[in-house]
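Trainee: Going by the numbering used here, the first residue of the sequence shown is number 543, and it counts up by one from there.
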Amino acid sequence: MELDEGKLRSVRDGGILHTLESGIQIQRRLKHERIDLDGLTQEEIVRRTDKKNGAKFLPGTTLSRIVAMTCEVLEQNNAALGSNAGYTKVYEKAVGVSRGRRVCAVKVVRSTNGTYAHAYPEDEERL
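(1) So, helix, strand or coil for valine 615, using DSSP?
(2) Return the bridge partner residues of glutamine 569 from the DSSP annotation.
(3) Restricting to Cα atoms, I'd like to know which of Lys631, Leu579, Gly556 and Ala622 is closest to glutamine 569.
(4) Can you list, in chain order, the residues of its chain whose CB lies under 6 Å from that of leucine 572, leaving out five sequence neighbours each side?
(5) By Cβ distance below 8 Å, which residues in the same chain neighbour proline 601 in space, the five residues on each side in sequence not counted?
(6) For asparagine 619, tell me which candidate among Arg641, Ala610 and Thr630 has the shortest Cα-Cα distance.
(7) What is the DSSP secondary structure of glycine 602, reduced to helix, strand or coil?
(8) May I ask you to list the residues that DSSP assigns as paired with serine 564?
(9) State the start and end residues of the unbroken alpha helix (DSSP H) segment that holds glycine 548.
(10) If you measure between the beta carbons of valine 632 and alanine 661, is that distance less than 8 Å?
(11) Here's a check: name, in chain order, each residue in its chain whose Cβ is nearer than 6 Å to the Cβ of tyrosine 658, leaving out the five neighbours to either side.
(12) Note the first and the last residue of the continuous beta strand (DSSP E) segment covering glutamate 664.
(13) Exposed or buried, which one is leucine 669 when buried takes at least 16 other CB atoms within 10 Å?
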């Protein structure tokens, strides 16, 4: 899958980044898109990546990569319309920051009978 990063960046928050053959639509969720860690105290990183503000993908993670990870998780779990079942996958390397900690898991949540999906970093120890 090759996606145009410029086109993906033009999608508004909550808009559709990609639609799988199954009909599942991957949404953009700005609150989970990267955090610049430079110059932030640990306390500030914890606050900016807490449950309210949302876990963030690491700097340098493109929207194309976020879409690819989301597709990968959904396809590996044979996700289909009709269920809001969510899924997770643990990667070997850190993908994001959650509650101030670098984490290796991605969680995909779904809504509207599984029609919409978006991913965010999750602490693998919480799975």
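Think of the CB as a built atom: it goes at the ideal place given N, C-alpha and C, for glycine as much as any other residue.
Bear in mind the structure is a predicted one, so any value in this text is a computation, not a measurement.
Mentor: Reading off the structure:
(1) The count along the sequence shown starts at 1 and reaches residue 615 at position 73. DSSP, read as helix, strand or coil, puts valine 615 in helix.
(2) The count along the sequence shown starts at 1 and reaches residue 569 at position 27. For glutamine 569, which the question treats as bridged, DSSP gives the partners Ile558.
(3) Counted from its first residue, the sequence shown places residue 569 at position 27. Measuring C-alpha to C-alpha distances from glutamine 569 to each of Lys631, Leu579, Gly556 and Ala622 identifies Gly556 as the nearest.
(4) In the sequence shown, the residue the question calls residue 572 occupies position 30. Correct list, in chain order: Asp555.
(5) Position 59 of the sequence shown holds residue 601. Within the same chain, proline 601 has close Cβ partners Arg576, Ile577, Asp578 and Leu579.
(6) Within the sequence shown, residue 619 is the residue found at index 77, counting from 1. It is Thr630.
(7) On the sequence shown, position 60 is the one that residue 602 refers to. Glycine 602 sits in coil when the DSSP states are folded into three classes, being neither helix nor strand.
(8) Numbered from 1 along the sequence shown, position 22 holds the residue referred to as residue 564. BP columns for serine 564 are empty, so no partner.
(9) Taking the first residue of the sequence shown as 1, we reach residue 548 at position 6. It spans 547-551 - the alpha helix (DSSP H) in which glycine 548 sits, taken as one unbroken run.
(10) Your numbering for residue 632 matches position 90 in the sequence shown. Your numbering for residue 661 matches position 119 in the sequence shown. No, Cβ-Cβ distance for valine 632 and alanine 661 is not below 8 Å.
(11) Working through the sequence shown from its first residue, we reach residue 658 at position 116. For tyrosine 658, where only same-chain residues beyond five positions count, the Cβ hits under 6 Å are Gln567 and Gln569.
(12) Within the sequence shown, the letter at position 122 stands for residue 664. Unbroken beta strand (DSSP E) run through glutamate 664: 658-664.
(13) Here residue 669 refers to the residue found at position 127 when the sequence shown is read from its first residue. Its Cβ having fewer than 16 others within 10 Å, leucine 669 is exposed.
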